[in-house]
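Which chain is which? The protein sequence lines are A and B, in order.
Using our numbering, the first residue of the first sequence is number -13, and each one after it goes up by one.
Using our numbering, the first residue of the second sequence is number 973, and each one after it goes up by one.
All C-beta atoms in this analysis are idealised placements derived from N, C-alpha and C, irrespective of residue type, glycine included.
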Amino acid sequence: MVLRTLETMGPQHGFGLAKRIQQISDGALDLNQGTLYPALLRLEQRGWIQSRWGASDKNRRAKFYELTDAGRKQIGHETDDWVRTVALMQRFLRPAEKES
Amino acid sequence: MRILWNRFKALFLNRRLEGELDEEVQVHLAMRADELRQQGMDPQAAQQAARREFGGVDQMKEAYRDRRGIPPLEILAKDIRYGLRGLRRNPAFTLAAVLSLALGIGANTAIFSFVNTLMLRMLPVEKPDQLVSLYKTGGWGRGYASYPLYLEFRKHTDLFAGVFARSGADKVRFDPGHSNRAEFVQREFVTGNYFEVLGVQPVLGRVFTGDDNRTPQAHPLVVLSYDFWRSRLGLDPAVLGRVLLVDEQPLTVIGVAAPAFHGVEVEHRADLWVPAMMYRGQIMEPGMHWIWIMARRRPEIPRARLQAAVSTIMQQYLAGVYGGNPNAAFRRFAMEQKVEVRDAGVGISELRDAFGKPLRILMAAVALVLLIACANVANLLVARGSARRREIALRFSLGASRGRIVRQWLIESLLLALIGSILGLLFAMRGERYMLLFLPAGSSDEFHVAPDAAVLAFTAGISVLSALLFGLAPAWRATALDPAATLKEGGTPSAGRGPRAGLRQALVVVQVAFSVVLVVAAGLFAHSLRDLHSINAGFAYQNVVTFSLDYPRAWEAADKDRLRERLSTRMASLPGVASLSYGFPGPYLSGNWSSGIRVPGSARTAKEGVEVAEQGVGPAYFATIGSRPLRGREFDESDMRATRKIAVVNESFVREFLPGVPDPVGRVLSFDDSKPEGGEPTYIVGLVRDILHNGLRSRAESTVYVPFTQGKQGPLAFDPPLLVRAQLPPDALVPMIRRELRNLDPEVALVEPRTLRERIDDSIFLDRMVATLSGFFGVLALLLAAVGIYGVMAYAVARRTGEIGLRIALGAAPARIKWMVLRDVLLLIALGILIGLPLSLAAGRISASLLYGVQPNDPLTLVSTIAVLVALGMLSAFVPARRAASIAPIEALRHE
């Protein structure tokens, strides 16, 4: 999710990411914004994103996160995985719908 | 893997990362607040809302941290930081502990380096554990044997997978071809199968095979050591086929041996190897003992059987060679030779044979020093533990487990040990250099005791071990407390003797006991050395310089005689030079020579001849070494040319052969010992004192001195060492000799100039080394014990302030209070001495063979040790005792 957001929006700071995710999920994912940061750290440790310090729109120093090549590849994997999972789930769900 | 690395990195960037996280959160909150403000919220409410949406900042940070680092390591890092902070905060404690440990660990490392080099390091050859040395004893010399004996053992392929032999590495002239200065190399003669049996491969060219050692003087080949190839020939690959002039023999280089290999002797490294057949001597002569036989044993043959078989072979060999000898004394002497099978996987070493036992004793001594140091640090830690009771109690009540606190404590101990061992390594390196100075010149070349992996592992091992030793008990003790009670008490332990006081006192008793052992040992060795120095060597060895000359190979004996004569005349004319002479073997120089003699009229030689020591000496020999004939005269120039055989004998000779004769001058002896009355007579012209030619520890033996030229007709065809007596200091004399020599003949080189004094010191180098080192360790032990006693007593007085104040308030005199403290110390010391004395008697018995003239239970040494320790105890307890006596009652009561 985070990776996807970064892919579409380009480099982004933590707050921007949190806002964006909230917007996309339309409030359905109403987590504490703070939980985002440990998740970002994990992605960074895996080498999928990288971070650097830059200036935000209001001239605040902020940490920007962006995708790495490994991260971009990972999106491909995860998307495939996800599509496969969804397809599988649908196959389970559809017959059930017919029977009902 | 990547994750682990990133996490690991985080351990070291902790502070920075923490700051970044903080900033990141702040920025996030500020941005959200800005947004909300723009939507019309008032600033404060906006900030609160932003925080609410964010969730728990600290919880998030904790989760973040857990993910960032590796928690157990992080705790460890925290413990280490905490420990370092603790050590920094208490510099006096840290300094005392680290210094104690550094001295203890340093002493151990230094001695262990020697043990490692001499006894543990395996030769870099194939399966070194199968190598044995066929060590010859009895008869003439030890270790070295004859070539025929080697050939004999080589026949027994049922016992050995291979038998080889090598001469000692001897220093010979080497002409690199590009300079006029003589250079020297260490050459070793080896049998053709030397490399093959050892399993040493060449890095370049080839090594010898059996075919390279068949015919005398027919194999002018040489294999170089890698180090020699590198340092002298610059790793030049074109060296193969080049002809090197070694000892004036042109030798063709056929190969370079594997890099780590320097021969089989520990203290003498070979630069190059030459086939034994190139030896310029009578190789097949069974009386020529010049090679050391070694072998690779067959692992399936048990040791006892191998030794028995070797002894049988030796007996048969001796019977074959000497059985028919008509001279009974000579035959008996020759038949006494034996061969011992010794393990040689760590190489052969004459130094080890001499040094082995003293080294083991020194190792035990340094182990005691380390134990004393550990006791000291443990003591300091217990004291610190008491001081930190409040802190520990607080940590307990905040939920720390006992294991966690003990661990924290042990980490501090390990830190101390680590710092101590680093410092100790530095001490050890200095100490080793100092120890090397004791070794006799020529007993070893460029002795390598640099710390290798084994030494470093040893140091690390003992430092961890000592950390556990001194850290565990205090840690356990310190954490055995009731947090609530301790906090209520305010951290000051209640008066009285708790178990903790017992531990500290036990530690002091141990320190005193071990110190007793070390001080007694130091006393015994010092005493022994003093006795050695007081021995009358029979001559005044001050101001005498000895040296040898290296002549061109082509020179005949007459050329050498002429040069010596000219040099003698030139030197004698120089101001400050008293005389020059020469003699073989000479004092402290080249070993022994013996001959069988008969003395007509002596009961001792009535039945058969007797072997006596023989010396061939030049004119004014006795004047030069600082002795004087007691009767008769010594040899002069004319004796060197006379045909009448004459001799000078020593006092032992008279005692043995002519007992009761006050003046042997005019009596006769004979070197022809085939008949009871002897053959051609040799007339005794003088009597001299006994001279200890073989070192201060040797016993005087019956000796016959003959004019050098007369001895030379016999077996004494060796170049004699020269001696110069002068009023000049050696530093000025040696360059003078060098200059004169250059003027006479630039081709002759001066070899190994040393003063006689140095040679005498070398003859007792072990005694000097053991005495000096054990003295040092004794002082160290006393110092550490003093610190220990002081610490315990100072602490005891501080703890008993209230009680002592009360006593003073009730009218106790200050002297009485002082005595109260001193009595405690005396009790501890008495206990320590009681334990230490039997220990030191046992230690003395073990080291008895190293002592000279003093018994291991020498009462003087024991009594003075007790006196020293009591005095030390009083001294170190004096300050605490005075403090106790000056406690003001009112202050003491406030203290309560």
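Query: Look at the alpha carbon of V1584(B) and the alpha carbon of S1566(B), and state the distance between them as a whole number of angstroms.; Result: 5 Å
Query: Inspect the beta-carbon positions of F1200(B) and D1147(B) and report whether they are closer than 7 Å.; Result: no
Query: The alpha helix (DSSP H) that contains M1765(B), what's its start and end?; Result: F1737 to R1771
Query: Please confirm whether L1343(B) and F1180(B) have their CB atoms less than 7 Å apart.; Result: no
Query: Where does D1739(B) land, buried or exposed, given buried means 16+ other C-beta within 10 angstroms?; Result: buried
Query: Which residue or residues does DSSP assign as beta-bridge partners of D1522(B)?; Result: A1721(B)
Query: What residue from D1006(B), A1074(B) and E1586(B) has the CA that sits closest to G2(A)'s CA?; Result: D1006(B)
Query: Give the DSSP-derived three-state secondary structure of I1862(B) in the structure shown.; Result: helix
Query: I'd like to know if G1371(B) contacts chain A, where contact means its C-beta is closer than 7 Å to some C-beta of that chain.; Result: no
Query: On the premise that R1476(B) lies in contact with V1764(B), defined as a C-beta separation below 8 Å, what is that separation, rounded to the nearest angstrom?; Result: 5 Å
Query: Return the first residue and the last residue of the alpha helix (DSSP H) that G1891(B) is part of.; Result: This structure leaves residue 1891(B) out entirely; chain B is present only between 973 and 1868.
Query: I need the DSSP call for F1146(B), collapsed to helix, strand or coil.; Result: strand
Query: Tell me which same chain residues have a C-beta within less than 8 Å of the C-beta of L1716(B), skipping the five on either side of it?; Result: L1535, R1538, L1539 and R1542
Query: Mapping DSSP to helix, strand and coil, what is E64(A)?; Result: helix
Query: Since E1160(B) sits in a beta bridge, which residues does DSSP pair it with?; Result: W1245(B)
Query: Looking at R1710(B): is its Cβ nearer than 7 Å to the Cβ of L1659(B)?; Result: no
Query: State the Cα-Cα distance for the pair V1480(B) and A1457(B), rounded to the nearest angstrom.; Result: 29 Å
Query: Report, in whole angstroms, the separation of the C-beta atoms of I7(A) and T(-6)(A), which I expect to be a contact under 8 Å.; Result: With a Cβ gap of about 11 Å, I7(A) and T(-6)(A) do not count as contacting.
Query: Within 7 Å of any Cβ in chain B, is that where the Cβ of F50(A) sits?; Result: no
Query: Which same chain residues, not among the five before or five after R1469(B), have their C-beta less than 8 Å away from its C-beta?; Result: Confidence in R1469(B) is poor, its pLDDT being 41 and thus under 50, which makes the residue's placement too unreliable to answer from.
Query: For chain B, is any of its Cβ atoms less than 7 Å away from the one on V69(A)?; Result: no
Query: When the Cα of R1613(B) is compared with those of A1355(B), T1681(B) and E1308(B), which residue comes out closest?; Result: T1681(B)
Query: Just to make sure I have the definition right: I need the residues of chain A whose C-beta is within less than 7 Å of the C-beta of A1035(B). Which are they?; Result: P24
Query: Could you name the residues of the same chain whose beta carbon sits closer than 6 Å to that of P1693(B), not counting the 5 residues immediately before and after it, in chain order?; Result: T1518, S1520, G1558 and L1561
Query: Does the structure place the region 1521 to 1529 of chain B close enough to the region 1844 to 1856 of chain B that three or more beta carbon pairs sit under 8 Å?; Result: no
Query: Within the 7 Å Cβ cut-off, does E1885(B) reach chain A?; Result: Residue numbering for chain B in the displayed model covers 973 to 1868; residue 1885(B) lies beyond these limits and cannot be assessed.
Query: Taking buried to mean at least 16 other C-beta atoms within 10 Å of its own C-beta, is F1430(B) buried or exposed?; Result: buried
Query: Answer yes or no: does any C-beta atom of chain A fall closer than 7 Å to that of S1848(B)?; Result: no
Query: What residues from chain B crowd round R58(A), counting only those whose CB sits closer than 9 Å?; Result: Near R58(A) there are no residues of chain B at all, since even the closest Cβ is about 17 Å away, more than 9 Å.
Query: Which same chain residues end up closer than 8 Å to R1855(B) when comparing Cβ atoms and leaving out the 5 residues on each side of it in sequence?; Result: A1766 and V1769
Query: I'd like the list of long-range same chain contacts for S1435(B), defined as Cβ closer than 6 Å, with 5 residues on each side in sequence excluded.; Result: I1077, A1389 and S1393
Query: From the beta carbon of M1003(B), is the nearest beta carbon of chain A less than 7 Å away?; Result: yes
Query: Would you call the CB atoms of L1490(B) and L1340(B) closer than 7 Å?; Result: yes
Query: Pick out whichever of L1386(B), L1668(B), G1371(B) and Q1221(B) has its Cα sitting closest to the Cα of H1191(B).; Result: Q1221(B)
Query: Give the straight-line distance between the Cα atoms of L1504(B) and L1223(B), rounded to the nearest whole angstrom.; Result: 47 Å
Query: Could you tell me whether any Cβ in chain A is nearer than 7 Å to the Cβ of E996(B)?; Result: yes
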